[in-house]
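Heads up, the thing below is written out as structure tokens.
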């Protein structure tokens with residue numbers, strides 16, 4: 651499956667604990683990554699400075715559903731389920 655155009659849910663919903671260019675402390679859940687451009691495309695896609703977390707999160711029908719809103723809800727639920735106690 652390919653990423654949905656203009657989505658960016660996976661770059662907004664989850665927290666990222668490793669440094670991101672422009673976000674040296676990572677980012678909290680629900681905060682838009684500074685590396686998303688105006689079309690919700692990653693500016694560091696395929697570059698060595700892209701966090702490993704981002705490269706490991708691959709689009710799937712289960713995660714992405716049929717629209718961005720579904721993906722945001724699914725990813726937020728995953729974030730809550732995997733958060734430290």
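Residue numbers (our numbering): 651 to 735.
Glycine residues also receive a C-beta, built at the ideal position from the N, C-alpha and C atoms.
Note that this is a predicted model, so its numbers are computed, not measured.
query                                                                                                                        : result
Minimum C-alpha distance to residue 655 - residue among 714, 725, 671                                                        : 714
Proximal residues to residue 685 (C-beta, below 7 Å), its chain only, five neighbours per side dropped                       : 670, 671, 672, 692, 693, 694
For residue 663 and residue 722, believed in contact at Cβ under 8 Å, the rounded distance                                   : 5 Å
Residues of its chain near residue 703, where Cβ-Cβ distance is below 8 Å and the 5 sequence neighbours each way are ignored : 664, 666, 667, 668
Residue 709 vs residue 653 beta-carbon contact at 8 Å                                                                        : yes
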